[in-house]
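J.: Here it is, the structure in full.
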Amino acid sequence: MLGKLEEIYNRWKEIGEQMNSPEAMSDMKKYIKLSKDYKDLKPIVQVYNEYLDVLKNIDADKDILQNEKDDELRQMAKDELNELLEHKVELEEKIRILLIPKDPQDDKNAIVEIRAGSGGDEASIFAGDLYRMYTKYCETKKWKIENIDSTEGTVGGFKEVIFKVIGDNVYGQLKYESGVHRVQRVPKTETQGRVHTSAASVAVLPEADKFDVEIKQEDVRKDTYCSSGPGGQSVNTTYSAVRLTHIPSGIVVTCQDQKSQIKNLAKAMEVLRTRLYNLEYQKYLDDISSKRRTMVSTGDRSAKIRTYNYPQGRVTDHRIHLTLYNLSAIINGEIQELIDKLQMAENAEKLKESVK
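Okay, here's the thing in structure tokens:
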């Protein structure tokens with residue numbers, strides 16, 4: 606393990622030197638990649654340096670116990686050695702986790718798409734509940750949300766809502782939310798008090814930047830139309846809404862959240878770039894899921910992943926068979942415990958693969 610850590614440390618130093626070279630300074634694409642690699646390796650380097658200090662102090666305490674005659678000094682060394690040995694074990698576990706190959710997309714911002722599924726009006730209301738849950742969660746993480754497009758339900762909520770989340774390690778946290786979410790509760794429109802089951806699908810996509818995908822202008826057809834829904838005087842009077850059609854793939858993206866056509870166009874291009882990028886990324890996810898018996902972060906976005914049962918006040922994540930009886934807190938954005946458990950399960954899967 607020390608040999609592997611030393612390699613990483615030397616690579617980190619080498620990247621730091623390359624970042625300061627004139628060649629990297631003149632090539633923005635290369636500089637951005639070097640900066641990302643430098644940032645990704647830094648946590649491992651920090652733990653490596655801490656681990657070296659612990660090993661050094663362990664050797665020093667052992668030397669005192671072997672050669673020192675003073676009983677008080679020997680007792681102090683013995684006490685410290687026990688603490689250091691415990692810390693060494695903790696650091697080794699931390700290092701094993703850090704050395705697990707990381708999804709290169711984890712640091713990216715994310716495009717989140719929520720769509721009402723089966724269940725009619727209740728599904729739209731539930732899609733709105735999920736949107737509120739994620740916005741509350743993003744607030745606790747100090748992440749910024751930019752709405753891109755939405756279609757409201759007839760009695761509230763959304764038939765579809767698309768938004769972008771900006772911050773640190775956004776995709777690495779939110780990717781576990783991709784899949785079908787089910788709700789079991791008595792709808793407001795139900796007069797006989799019967800529990801109904803409705804569903805909404807969530808797709809979390811790593812945002813593609815300009816260096817990830819190159820889109821030819823001749824491959825994109827742009828249409829403009831009047832915005833609909835809330836928005837004041839500009840609604841239905843100006844052609845600010847934008848629809849982009851990528852002719853080779855058939856992908857269609859719309860954006861009407863902004864009053865400015867230019868801003869809507871920029872956002873629509875972001876989503877189009879992301880969806881094109883995800884056509885390739887999906888192949889990577891499918892390849893991983895085919896190699897694992899249990900897949901936490903799955904490429905199958907049609908899989909049922911979670912149930913929110915209101916009569917019992919419980920939330921069950923079906924991927925890791927976890928049930929929590931704090932539905933009210935979860936639906937109000939407190940989903941970090943779920944995400945942490947899913948990350949732990951995925952890391953356990955990866956660790957099993959690494960020792961095969």
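Here the sequence shown stands for residues 606 to 961, where the numbers follow our numbering.
Glycine included, every Cβ here is placed at the ideal spot set by N, Cα and C.
Report yes if the CB atom of histidine 923 is closer than 8 Å to the CB atom of lysine 946, and no otherwise.
T.: As a working note, residue 923 is residue 318 in the sequence shown. As a working note, residue 946 is residue 341 in the sequence shown. Not in contact: histidine 923 and lysine 946 (Cβ atoms no closer than 8 Å).
J.: Strictly by DSSP, which residues pair up with leucine 927?
T.: One-based indexing of the sequence shown puts residue 927 at position 322. Under the DSSP definition of a beta bridge, leucine 927 partners with Asp922.
J.: Over what stretch of residues does the alpha helix (DSSP H) that includes cysteine 743 continue unbroken?
T.: By 1-based counting over the sequence shown, the position of residue 743 is 138. 726–745 is the extent of the alpha helix (DSSP H) around cysteine 743.
J.: Which two residues bound the contiguous alpha helix (DSSP H) that contains glutamine 671?
T.: Within the sequence shown, numbered from 1, the residue matching residue 671 stands at position 66. Where glutamine 671 is concerned, the enclosing alpha helix (DSSP H) stretches over 633–672.
J.: Specify the secondary structure class of alanine 934 as computed by DSSP and reduced to three states.
T.: For the purposes of this step, residue 934 is identified with residue 329 of the sequence shown, where counting begins at 1. In the structure shown, alanine 934 sits in a helix (DSSP, three-state: H, G or I).
J.: Should cysteine 649 and leucine 696 be called a contact, given that it needs their Cβ atoms to be closer than 8 Å?
T.: For the purposes of this step, residue 649 is taken as the residue at position 44 of the sequence shown. For the purposes of this step, residue 696 is taken as the residue at position 91 of the sequence shown. Looking at the sequence provided, one finds isoleucine at residue 649 rather than cysteine. Cβ distance not < 8 Å, so isoleucine 649 and leucine 696 don't count as in contact.
J.: Go ahead and pull the three-state DSSP assignment for proline 627.
T.: By one-based count along the sequence shown, residue 627 stands at place 22. Helix at proline 627.
J.: How many whole angstroms separate the CB atoms of isoleucine 663 and leucine 646, which I take to be in contact at a CB cut-off of 8 Å?
T.: Along the sequence shown, one-based indexing puts residue 663 at 58. Along the sequence shown, one-based indexing puts residue 646 at 41. No, isoleucine 663 and leucine 646 are not in contact; Cβ-Cβ is about 25 Å, not under 8 Å.
J.: Taking the alpha-carbon positions, what's the histidine 692 to leucine 660 distance?
T.: Your numbering for residue 692 matches position 87 in the sequence shown. Your numbering for residue 660 matches position 55 in the sequence shown. Using only the alpha carbons, I get a separation of about 10 Å.
J.: Leaving out the 5 sequence neighbours to the left and right, which residues in its chain are closer than 8 Å to tyrosine 844 when beta-carbon positions are compared?
T.: For the purposes of this step, residue 844 is taken as residue 239 along the sequence shown, with counting starting at 1. Cβ neighbours of tyrosine 844 beyond the five flanking positions: Thr829, Tyr830, Cys831, Gln866.
J.: For threonine 740, tell me which candidate among Asn615, Gln671, Tyr930, Phe768 has the shortest Cα-Cα distance.
T.: Residue numbering aside, residue 740 sits at position 135 when the sequence shown is read from its first letter. It is Phe768 whose Cα lies nearest to the Cα of threonine 740.
J.: With distances taken Cα to Cα, identify the nearest neighbour of arginine 616 among Val825, Lys644, Met630, Ser631.
T.: Taking the sequence shown and counting its residues from 1, one reaches residue 616 at position 11. Residue Lys644 is the option with its Cα nearest to arginine 616.
J.: Given this structure, state the Cα-to-Cα distance separating glycine 621 from aspartate 814, to the nearest angstrom.
T.: For the purposes of this step, residue 621 is identified with residue 16 of the sequence shown, where counting begins at 1. For the purposes of this step, residue 814 is identified with residue 209 of the sequence shown, where counting begins at 1. The alpha-carbon atoms of glycine 621 and aspartate 814 are separated by roughly 23 Å.
J.: Could you tell me the distance, in whole angstroms, from the CA atom of aspartate 754 to the CA atom of glycine 724?
T.: Mapped onto the sequence shown, residue 754 falls at position 149. Mapped onto the sequence shown, residue 724 falls at position 119. Rounded to the nearest angstrom, the two C-alpha atoms are 22 Å apart.
J.: At which residues does the alpha helix (DSSP H) containing lysine 864 begin and terminate?
T.: For the purposes of this step, residue 864 is taken as residue 259 along the sequence shown, with counting starting at 1. First-last for lysine 864: undefined, no H or E at that position.
J.: On the DSSP letters alone, give me the boundaries of the beta strand (DSSP E) that leucine 810 sits inside.
T.: On the sequence shown, position 205 is the one that residue 810 refers to. Residues 801–811.
J.: Would you call the segment 793–803 in contact with the segment 740–750, where contact means no fewer than 3 C-beta pairs closer than 8 Å?
T.: The segment 793–803, when compared against the segment 740–750, does not touch it at the 8 Å Cβ threshold.
J.: Quick one: using the 10 Å Cβ neighbour count with 16 as the cut-off for buried, is leucine 849 buried or exposed?
T.: On the sequence shown, residue 849 is found 244 positions in, with the first residue counted as 1. With 16 or more other Cβ atoms within 10 Å, it is buried.
J.: For isoleucine 852, which of helix, strand or coil comes out of DSSP?
T.: As a working mapping, residue 852 is identified with position 247 in the sequence shown. Looking at isoleucine 852 - three-state DSSP - the assignment turns out to be coil, as it is neither helix nor strand.
J.: Helix, strand or coil, according to DSSP, for alanine 846 in the structure here?
T.: As a position in the sequence shown, residue 846 is number 241, starting the count at 1. In this structure, DSSP gives alanine 846 an extended state, which the three-state scheme calls strand.
J.: Whole angstroms are fine: how far does the CA of leucine 881 sit from the CA of lysine 864?
T.: The sequence position of residue 864 within the sequence shown is 259, counting from 1. The sequence position of residue 881 within the sequence shown is 276, counting from 1. One C-alpha to the other measures close to 26 Å.
J.: Return the chain-ordered list of same chain residues with a C-beta closer than 6 Å to the C-beta of valine 920, the five sequence neighbours on each side being excluded.
T.: Your numbering for residue 920 matches position 315 in the sequence shown. Taken in chain order, the residues that qualify are Tyr913, Leu929, Leu932, Ile935.
J.: Tell me whether the beta-carbon of isoleucine 916 lies closer than 8 Å to the beta-carbon of valine 800.
T.: In the sequence shown, counting from the first residue as 1, residue 916 sits at position 311. In the sequence shown, counting from the first residue as 1, residue 800 sits at position 195. The sequence given here places proline at residue 916; isoleucine does not occur at that position. Contact flag set, yes.
J.: Are the CB atoms of lysine 747 and isoleucine 771 nearer to each other than 8 Å?
T.: To locate residue 747, count along the sequence shown from 1; it is residue 142. To locate residue 771, count along the sequence shown from 1; it is residue 166. No, Cβ-Cβ distance for lysine 747 and isoleucine 771 is not below 8 Å.
J.: Is DSSP giving aspartate 828 helix, strand or coil here?
T.: Taking the first residue of the sequence shown as 1, we reach residue 828 at position 223. Aspartate 828: strand per DSSP, three-state reduction.
J.: State the DSSP-derived secondary structure class of tyrosine 781, mapped to helix, strand or coil.
T.: Here residue 781 is taken as the residue at index 176 of the sequence shown, counted from 1. Reduced to three states, the DSSP call for tyrosine 781 is helix.
J.: Hey, quick one: how far does the beta strand (DSSP E) through alanine 721 stretch, first residue to last?
T.: Taking the sequence shown and counting its residues from 1, the one referred to as residue 721 is at position 116. Looking at the DSSP string, the run of the beta strand (DSSP E) that includes alanine 721 is 715–721.
J.: For histidine 786, which beta-bridge partners are listed by DSSP?
T.: Counted from its first residue, the sequence shown places residue 786 at position 181. Beta-bridge pairing links histidine 786 to Ala805, Arg911.
J.: Kindly list the residues whose CB is nearer than 6 Å to the CB of valine 857, restricted to its own chain and excluding five residues on each side of it in sequence; keep chain order.
T.: Numbered from its first residue, the sequence shown carries residue 857 at position 252. So the qualifying residues of the chain are Thr850.
J.: Once DSSP output is grouped into helix, strand and coil, what is the label at glutamate 795?
T.: Along the sequence shown, read from residue 1 onward, the residue named residue 795 stands at position 190. The answer is coil: DSSP assigns glutamate 795 none of H, G, I, E or B.
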